[in-house]
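What follows is a set of notes on a single structure, which appears directly below.
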Amino acid sequence: MIKLLQRSICLLLFSMLSLEAAADDWWKFWVADSNTQQVRVAEPFIDFRSGPAQGFPVIHTSEKGEWLTLLKRKTDWMKVSDAKGRLGWVSIDDLLLTEDATGDTVSITEPRFDDFRTRRWESGLQMGEFDSTAVNSGYLGYWMTANLSAELSVSQILGNSSEIQMLSAALVHQPFPQWRFSPFFRIGGGQIKIKPKATLLSVDNSINSMAHAGIGMRCYVSDRFFVRLEVNDYKVFTNEESNEEATEWKLGLSVFF
Amino acid sequence: MPHLCRGVLSFFLAIGAMAASAEEVKPLIEPDVRPQKVDESLIDTENFELGVFGGVINIEDFESSMLYGVRVAYHLTESFFLEANLGLAEGGETSFEKLAGNVELLSDEDREYRFYNVAFGYNILPGEAFLKGPFSGDTYAFNTNFYLIGGAGATDFAGDNRFTAMAGAGYQVLVNDWLAMHVTFREHFYDIDVLGETKTSMNTELSTGLSFFF
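Here the protein sequences come in this chain order: A and B.
Residues 1052 to 1308 in our numbering are what the first sequence lists, from first letter to last.
Residues 1012 to 1225 in our numbering are what the second sequence lists, from first letter to last.
So this is what it looks like as structure tokens:
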């Protein structure tokens, strides 16, 4: 039952992440059990650990020529069983030295820097300061070309006298997508909602439009992760005589997929 | 003449060699199954963890209350993970409200304590725990992780929404590959001015939870 639930959640997530891929592969989830993925140990021996980390003890060792069935993966570890049904966790690095049924070395792709350049979607969480007040924010971006992307972001600014919520859309341009440290420029606009604290006199929430422009940097870390730093300048269009301005910086971790 | 002889001989030899190689190419029995390469898309990956937790949180000046919430984690590597938490509790009465009797500092709505945070975790001590069955005498081994966690988010309490930092530690026991039990101890810090001047509020959370890997 749990297995079924797990698989349905997986299926749901996958279909959300990439509808195209799901259309081709969805049926594979249901036949995964019947399809045994096997590799043969090619090095003198391979260690089985009790859990998926270097810190867990080695509980068994399989020798050269033995066949192992791949069961499931957690981070950089694969749960395997040998011909006698013994279970354990083998590191992906060790698995890359084994052979599959065709006699070739097993290839398991890892998300790498190359994928960082060709990604389509990115999403991340960021924290920083908006006019010297703490800001938490999250965003989702879609790359239309290697240089140009569209982003949607939400922010919460937590001040002493008010809470500000922002929703904005932006266009982002990165001139050098092939760089590991890739600078970008962004311009956009949206809505800003200022909620005065309830502990003060009850004042109505105010909603204004705003526009912003900024610069930033993406730094690829590893796997499917990168660090993103950005500085934005905001102009809030108010009903007062002059518009308000604010500067914001934020730093966060993002994933691409 | 010997030249011709040698030529004819090498011609027959070449034919023989060709026949032999043709025989090698065609096996006696054609295998029904072609050997398959490993297809990693067929292997289940379990890097996400979804869970619920419940426990006690001490809300500074407002007693200790029952806390419950949900937690999602994504394991980046064997050591590092990202976690997002949502928690709910309700603030009790301050000592002043209790002693003075008919005084209410906060409305019921403002007493609701809600927080969210995003955190970075590090499995500092992976290990094993052993449990001896009370009757059978069998010993069971469970994988465990002792982890440190720190992050930030916001706390909505007393009509105020404040930036909140969080730090703590937890102990995770993996019942099997997809089910884990947690006990965590976390400290939530934020500045608040509900009792007049602004001060740092320290809120200690002690909770236990259950999570599923998928």
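Virtual Cβ for every residue (Gly too), placed ideally from N, Cα, C.
- Per DSSP, the beta bridge partners of M1177/B are G1162/B, H1199/B.
- For I1068/B, there are no neighbours in chain A by C-beta distance under 8 Å, as the nearest C-beta there is about 19 Å away.
- Shown here for S1090/B: same chain residues with a beta carbon closer than 7 Å to its own, the five before and five after excluded, namely Y1133, N1134 in chain order.
- In terms of CA proximity to D1202/B, E1071/B leads the group E1057/B, E1115/B, E1071/B, L1097/B.
- The alpha carbon of L1147/A has as its nearest neighbour, out of N1198/A, F1307/A, R1091/A, W1172/A, the alpha carbon of R1091/A.
- Put simply, the CB of R1173/B is near chain A, with a gap under 9 Å to one of its CB atoms.
- Distance from the Cα of F1126/B is smallest, within the candidate group V1081/B, A1111/B, F1141/B, F1092/B, for V1081/B.
- Boundaries for K1109/B: no beta strand (DSSP E) harbours it, while the alpha helix (DSSP H) harbouring it runs 1106-1111, taken from the DSSP string.
- Counted as a single uninterrupted DSSP element, the beta strand (DSSP E) harbouring L1122/A occupies residues 1118-1125.
- A contact is defined here as three or more CB-CB pairs under 8 Å, and the segment 1159-1170 of chain B meets this definition with respect to the segment 1231-1251 of chain A.
- Straight-line spacing of the CA atoms in G1144/B and T1150/B works out to 6 Å.
- By the 16-neighbour rule on beta-carbons within 10 angstroms, K1301/A is buried.
- Chain-order list of chain B residues neighbouring M1178/A: A1163, by C-beta distance under 7 Å.
- Following the DSSP letters along the chain, one finds D1284/A inside the beta strand (DSSP E) bounded by residues 1276-1288.
- Relative to V1049/B, the option among V1109/A, P1095/A, T1153/A, G1189/A whose CA is nearest is T1153/A.
- For N1256/A, the CB contacts under 8 Å within the same chain, skipping 5 residues up- and downstream, are K1244, I1245, K1246, P1247 in chain order.
- Between the segment 1288-1301 of chain A and the segment 1154-1169 of chain A, the count of Cβ pairs shorter than 8 Å is below three; the stretches do not touch.
- Assigned with DSSP and collapsed to three states, R1100/A falls in strand.
- Within the same chain, Cβ atoms closer than 6 Å to the Cβ of S1233/A are found at Q1225, F1227, R1269, the five residues on either side in sequence being excluded.
- In this structure W1194/A does not touch R1231/A by the C-beta definition: roughly 17 Å separates them, more than the 8 Å allowed.
- Contact of E1108/B with chain A is not assigned, every C-beta pair being separated by 9 Å or more.
- Annotation for L1203/A: L1191, A1220 place their beta carbon closer than 6 Å to its own, counting only its chain and skipping 5 residues before and after.
- If one requires a minimum length of 3 residues, the beta strand (DSSP E) runs lying completely within the segment 1215-1248 of chain A are 1232-1247, in chain order.
- Between M1217/A and chain B, the shortest Cβ-Cβ separation is not below 9 Å.
- With contacts defined as CB atoms closer than 9 Å, L1280/A and G1175/A fail to qualify as a contacting pair.
- DSSP places S1293/A outside both helix and strand once states are collapsed to three, so it counts as coil.
- Less than 9 Å divides the Cβ of A1262/A from the Cβ of F1288/A.
- Counting only runs of at least 4 residues, the segment 1047-1115 of chain B fully encloses the following alpha helix (DSSP H) elements, listed from N- to C-terminal order: 1106-1111.
- Neighbours of R1124/A across chain B, judged by C-beta separation under 9 Å: E1051, I1054, D1055, T1056, E1057, N1058.
- At a C-beta separation below 9 Å, D1166/A has no neighbours in chain B, since its nearest C-beta there lies roughly 15 Å away.
- For G1102/B, not one C-beta of chain A is nearer than 9 Å to its own C-beta.
- Comparing alpha carbon positions, the residue from G1239/A, G1116/A, Q1105/A closest to Y1285/A is G1239/A.
- Any Cβ of chain B closer than 9 Å to the Cβ of Q1229/A would place that residue at the interface, and such an atom is absent.
- A residue is called buried when at least 16 other Cβ atoms come within 10 angstroms of its Cβ; F1141/B does not meet this threshold and is exposed.
- By the rule that beta-carbons nearer than 9 Å mark a contact, E1214/A touches chain B.
- Listed along chain B, the residues sitting closer than 7 Å to T1153/A by beta-carbon distance are P1046, K1048.
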